[in-house]
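Q: Residue numbers (the numbering used here), protein chains in the order written: chain S, 118 to 218; chain Z, 912 to 1080. Yeah, the Cβ is synthetic: ideal placement off N, Cα and C, and Gly gets one too.
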Amino acid sequence: MNVGLEHYLIVSALLFALGLLGVITRRNLLVMYMSLELMLNSANLALVAFSRFNDNLNGQVMVFFIITVAAAEVAVGLALIVALYRKRQSAHVEDLTSMKL
Amino acid sequence: MAITDILFYLFAFLTLACGVLVVANPFSRNPVTSAMFLVLTIISMAGLFVLLHAFFLAAVQVLVYAGAVMVLFLFVIMLLDLKEEERRKAKKLGLIAGLISIGAIGGVFVRSLLATQPGKGLPAPTAVGDTATLGKLLFTNYLLPFEIVSLLLLVAMVGVILLSKKDLK
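(1) Between the Cα of residue 208 of chain S and those of S/186, S/172, S/165 and S/143, spot the shortest distance and give me the residue it belongs to.
(2) Please determine if the stretch 192-208 of chain S and the stretch 1064-1076 of chain Z are in contact, where contact requires at least 3 C-beta pairs separated by less than 8 Å.
(3) From the beta carbon of residue 151 of chain S, is the nearest beta carbon of chain Z less than 7 Å away?
(4) Would you kindly check if the distance between the Cβ of residue 1017 of chain Z and the Cβ of residue 134 of chain S is under 7 Å?
(5) In angstroms with no decimal places, state the Cα-to-Cα distance between residue 1026 of chain Z and residue 987 of chain Z.
(6) Taking only beta-carbon atoms, is residue 1041 of chain Z less than 7 Å away from chain S?
(7) Roughly how many angstroms separate the alpha carbons of residue 176 of chain S and residue 955 of chain Z, rounded to a whole number?
(8) Measure the C-alpha to C-alpha separation of residue 202 of chain S and residue 1010 of chain Z and round it to an integer number of angstroms.
(9) Check whether chain C comes within 7 Å of residue 122 of chain S, counting only Cβ atoms and requiring the distance to be less than that.
(10) For residue 138 of chain S, return the contacting residues in chain Z, with the cut-off set at a CB-CB distance below 8 Å.
(11) Any chance you could list the alpha helix (DSSP H) runs of at least 4 consecutive residues sitting entirely within the stretch 1038-1067 of chain Z, in chain order?
(12) Residues of chain S with a CB under 9 Å from the CB of residue 977 of chain Z: which are they?
(13) Can you pull the DSSP bridge partners for residue 964 of chain Z?
Here's what the structure looks like:
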């Protein structure tokens, strides 16, 4: 069977659902964050697939920016997680129930 | 079946299998295991990018995502010295509701994709994302976002340094 656009989009959709499953079911902050990165990657795959099959390189430029912004976001998010861990001594989401410092 | 089709199925299977192992590993609840499988997922996605003729993005994916972002994740995991995620009593109802809702979302995605068939009637793909073409686009049409992203990286760096100070004096 010839591999077309739908194949890549189905892989992207399944990856997105997997990332969403990770965010909902796992209770460790770092694994939740990693599942978020999985969702971002699935969006990247969908964009590159569309860019290739529609003969338009703008999708790839957008993926370039998404990767850059995701890297910056991961840095800031991990700094926040480290600061939170220093305060609360726990990386389990169920322990972090109050917003008071 | 052409070799590219075989490679697509191989990389797609690898991506999804490693994605499943990131999220729901039956053998170990260590976050380091999840990070390792996420690295494998990212690398097989770079393989998918190469199949889509996005060569620059495949290289950037491996260098930046697998090489910098995941290394940062691993540094933080080791800094916090997280052991195995303790098996608290998972609320069964919440787990089942989550699984059903995600199955529904994934099912809606896949069904709508199979119904609308977005790839039907498209001409044979010719776009090649090599560095020169992408660079030309980046430095002419997208010059402003490029400069803004560099500013964003500076802001992120300053923010990270401030957030990781032990005493915020």
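A: The relevant details are as follows:
(1) S/143
(2) yes
(3) yes
(4) yes
(5) 43 Å
(6) no
(7) 20 Å
(8) 29 Å
(9) The displayed structure is made up of protein chains S and Z, and chain C is not among them.
(10) 934, 935, 1009, 1010 and 1013
(11) Whole alpha helix (DSSP H) segments, 4+ residues: 1042-1051.
(12) By Cβ distance, chain S contributes nothing, its closest Cβ being about 11 Å from residue 977 of chain Z, past 9 Å.
(13) DSSP lists no partner for residue 964 of chain Z.
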